[in-house]
Amino acid sequence: MVNWEPIPSPNDEIRDIKKTIIDMKVHVQWYWTSGIDFVYIHQTPADQGESLNEFEPHDLKLYTREEYKANQGLLFNLETLGRMTLRIFPGKKVDGHLTVFRQDNDQNRIYINESRAKIYFSITYKQKLFQTSKKDPFGA
């Protein structure tokens, strides 16, 4: 269960989100304030509604400051086509419970467009039923 609370201070907000896409890998960076212990990340197709009440706990990914420092941001493979929304919500541990702050402005949101698809293919040569050897398709 995720405890949503209003953000206590504008200084705790996530902002200045930047993305870099190379091939199918996405690298996302943002300004992480010193008072924030962790963030929750939510990815969804851009055409879906996304009010805070619609988030299921299994849709949110916990991401710690240590992971952010080790990867110099958030790294993931892009596996969808079209436009995707990524939202980052700040959080703190208060009295032993994880508390996520409701940030309602768009500074914690970024859109990622991807129009390339992975294409896999294979070529299979088959022999005719009564043919004893495979013929060279190029006539050599």
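In the numbering used here, the protein residues as written are 2 to 141.
Glycine included, every Cβ here is placed at the ideal spot set by N, Cα and C.
What you are looking at is a predicted structure, and each value in this text was computed from that prediction instead of being measured.
Counted within 10 angstroms of its Cβ, other Cβ atoms place residue i as buried (16 or more) or exposed
| i | result |
| --- | --- |
| histidine 98 | exposed |
| asparagine 109 | buried |
| glutamine 128 | exposed |
| arginine 84 | exposed |
| isoleucine 89 | buried |
| glutamine 73 | exposed |
| valine 95 | exposed |
Residue i - DSSP class collapsed to helix/strand/coil
| i | result |
| --- | --- |
| glutamate 6 | strand |
| asparagine 72 | helix |
| aspartate 13 | helix |
| asparagine 106 | coil |
| glutamate 115 | strand |
Neighbourhood of residue i by C-beta, 8 Å cutoff - its chain only, sequence neighbours within 5 removed
| i | result |
| --- | --- |
| lysine 26 | Leu76, Phe77, Asn78 and Leu79 |
| valine 46 | According to the sequence displayed, residue 46 carries proline and not valine. Same-chain partners within the cutoff: Thr81, Gly83, Arg84, Met85 and Thr86. |
| proline 9 | Phe102 |
| asparagine 4 | His98, Leu99, Thr100 and Val101 |
| glutamate 67 | none |
Beta-carbon proximity of residue i to residue j, cut-off 8 Å
| i | j | result |
| --- | --- | --- |
| isoleucine 15 | tryptophan 31 | yes |
| valine 40 | proline 91 | yes |
| isoleucine 124 | valine 29 | no |
| lysine 20 | isoleucine 113 | yes |
Chain-order list of residues whose beta-carbon lies under 7 Å from that of residue i (same chain, five-residue window excluded)
| i | result |
| --- | --- |
| threonine 34 | Asn12 and Asp13 |
| aspartate 17 | Trp31 and Tyr32 |
| glutamine 104 | Ile8, Glu14, Ile15, Phe90 and Pro91 |
Residues near residue i in its chain [Cβ-Cβ closer than 6 Å; skip 5 each side]
| i | result |
| --- | --- |
| threonine 1 | Given a span of 2 to 141 for the chain in the structure shown, any question on residue 1 remains unanswerable. |
| lysine 93 | Asp38 and Thr100 |
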